[in-house]
Amino acid sequence: MRRRLPLLLAAVGAACAALAASAGSARWWFAAGPLLALTALGVRDLVQRRDSLLRAYPLTGRLPFVPFVPRHGRDERPGAVREFLVSSLAPVEPAEEPPVVRVGGPDCRLPYDMALLNVSALSFGALSAPAVLALNRGAALGRFAQDTGEGGLSEHHLRGGGDLVWEIGTGYFGCRTGDGRLDAREFADKAALPEVRCVSLKLSQGAAPGGGALLPGVKVSASVALERNVPAGEPVVSPPGHREYSTPRELVLFLARLRELAGGKPTGLKLCVGSRREFLAVCRAMVAEGVAPDFVVVDGSEGGSGAAPPYAGEVGLPLTEGLMTVHNALVGVGLRDRVRIGASGGVATGADVVRRLAQGADYTNAPAR
Ligand SMILES: Cc1cc2nc3c(=O)[nH]c(=O)nc-3n(C[C@H](O)[C@H](O)[C@H](O)COP(=O)(O)O)c2cc1C
7 MRRRLPLLLA AVGAACAALA ASAGSARWWF AAGPLLALTA LGVRDLVQRR
57 DSLLRAYPLT GRLPFVPFVP RHGRDERPGA VREFLVSSLA PVEPAEEPPV
107 VRVGGPDCRL PYDMALLNVS ALSFGALSAP AVLALNRGAA LGRFAQDTGE
157 GGLSEHHLRG GGDLVWEIGT GYFGCRTGDG RLDAREFADK AALPEVRCVS
207 LKLSQGAAPG GGALLPGVKV SASVALERNV PAGEPVVSPP GHREYSTPRE
257 LVLFLARLRE LAGGKPTGLK LCVGSRREFL AVCRAMVAEG VAPDFVVVDG
307 SEGGSGAAPP YAGEVGLPLT EGLMTVHNAL VGVGLRDRVR IGASGGVATG
357 ADVVRRLAQG ADYTNAPAR
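Under our numbering, the residue at position 284 of the sequence shown is numbered 290, and the numbers go up by one with no gaps.
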């Protein structure tokens with residue numbers, strides 16, 4: 007209902023102004039006219055079927071910086087570097103099969119061929135069961151992977167036949183002990199499912215770098231609660247940080263442990279880069295421990311969220327900078343050839359995919375658009 011409040015207000019305002027105009031002063035038509043136009047626009051947003059975002063957020067979905075709404079488009083701030091692609095006078099033939107990139111370094115025993123565009127992490131809870139299932143069916147049809155998001159591996163992720171990247175966040179939802187730590191046995195059991203092709207350890211995301219997340223109690227239905235191993239009807243907090251490690255070395259060792267528990271499936275990280283120094287410290291830890299993730303998904307600060315805090319978009323590196331930081335750091339420590347890089351944040355068109363590949367990514371992720 008809250009999503010449609012602006013439309014409701016416009017409609018009520020238009021009706022009141024029209025009543026006032028017909029009952030008394032004709033000057034009220036100056037207010038009624040624009041309000042009626044807004045109402046008509048909102049109704050059009052609501053009934054159209056082309057853009058699900060606009061349908062969910064009539065009127066406000068048109069604004070570029072609304073919390074709870076994924077944001078799209080280029081950075082138009084003054085001084086922003088304009089990015090563009092160059093064409094070639096030596097075009098090549100299109101590939102017969104859609105290209106894929108092999109994910110899995112030397113410590114991985116079950117490498118996975120990842121499509122160049124996949125469904126980014128969208129948790130069950132932030133998304134409804136039919137939405138999760140629809141994305142999973144789409145992944146099966148299109149031969150790409152669906153990231154489960156941090157809300158657990160639900161039955162809806164397993165019904166459509168699509169490949170899954172199972173994301174583990176700071177709340178370890180779906181494989182958590184009563185005191186909020188990793189339940190290794192439950193993790194191993196679920197990671198062994200054939201649909202789970204990769205495991206992703208989420209450190210942070212673009213819309214909430216370092217801030218964790220909150221799923222309001224009204225969204226915690228019995229089935230969401232069951233999948234997350236939390237009480238129904240109560241707000242669910244994803245803590246800002248992990249409890250299973252506290253230093254870069256412990257992080258990479260935890261990653262190696264997850265990969266072993268997952269039977270050697272590709273295991274990687276997802277983060278929005280904040281301080282470059284921190285990511286460099288993680289790279290040093292990879293070298294020191296001789297452990298590397300199979301992939302790193304870089305989220306840009308421009309990325310959307312199901313629960314954006316007010317500072318969303320203001321903290322963390324935008325995707326271009328984050329991507330180049332991760333690519334260059336991995337090249338610098340000599341690990342780039344065994345770590346694949348995924349990019350998510352504002353990927354909406356084929357040109358976006360090509361741009362991100364040119365900037366250092368091997369593949370991209372996007373929410374359903
Ligand atoms: C409804 C919704 C739920 C999300 N849930 C998660 C999540 O559970 N885990 C995660 O890592 N990112 C989550 N994200 C972030 C996306 O995976 C992705 O990184 C972000 O949307 C990319 O930015 P874009 O929306 O500009 O493409 C979510 C985003 C949305 C819109």
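Glycine included, C-beta positions come from ideal geometry on N, C-alpha and C.
How big is the Cα-Cα spacing for residue i and residue j?
i	j	result
V75	H162	Any reading at V75 must be qualified, since the residue scores a pLDDT of 42, below 50, and its modelled position is unreliable; the value itself is stated next. C-alpha separation (whole angstroms): 23 Å.
G309	Q211	8 Å
S94	G155	38 Å
R152	G223	Position check: residue 152 holds Gln in this sequence, whereas Arg was assumed. Each residue's alpha carbon lies about 26 Å from the other.
R265	F285	20 Å
G177	E99	47 Å
S134	A27	43 Å
P272	A121	15 Å
V243	G322	21 Å
G340	T331	14 Å
A364	G351	15 Å
A145	C204	14 Å
D57	G131	21 Å
D189	A140	29 Å
V53	A231	32 Å
Taking C-alpha atoms, which residue in the options lies nearest to residue i?
i	options	result
A238	P373, K225 and P246	K225
L44	A198, R68, L363 and G366	R68
V171	K208, R191 and A140	K208
V337	E327, V360 and G366	G366
V288	L267, P324 and Y251	Y251
L325	R283, D300, N371 and F301	N371
A228	P241, A219, G218 and L220	P241
Check the DSSP bridge columns for residue i and list the partner residues they point to.
i	result
Y369	G348
L275	L207 and V302
V109	Y118
S244	A219
N124	N371
Do residue i and residue j have their CB atoms nearer than 8 Å?
i	j	result
A291	P254	yes
R342	Y369	no
G180	E256	no
L65	P12	yes
Leaving out the 5 sequence neighbours to the left and right, which residues in its chain are closer than 7 Å to residue i when beta-carbon positions are compared?
i	result
A20	A38, L41, L42 and T45
G247	T176
V109	P117, Y118, M120, C204, P272, D300, F301 and R346
P112	R344
Can you name, in chain order, every residue of its own chain whose Cβ lies under 6 Å from the Cβ of residue i, other than the five neighbours on each side?
i	result
L128	G155 and P373
G356	none
E173	A127, D153, T154, G155, E156, S206 and K208
W34	A23, A26 and A27
N142	Q152, H163, G166 and G168
Among residues of its own chain, excluding the 5 on either side of residue i, which ones have a beta-carbon nearer than 8 Å to its beta-carbon?
i	result
G408	This structure leaves residue 408 out entirely; the chain is present only between 7 and 375.
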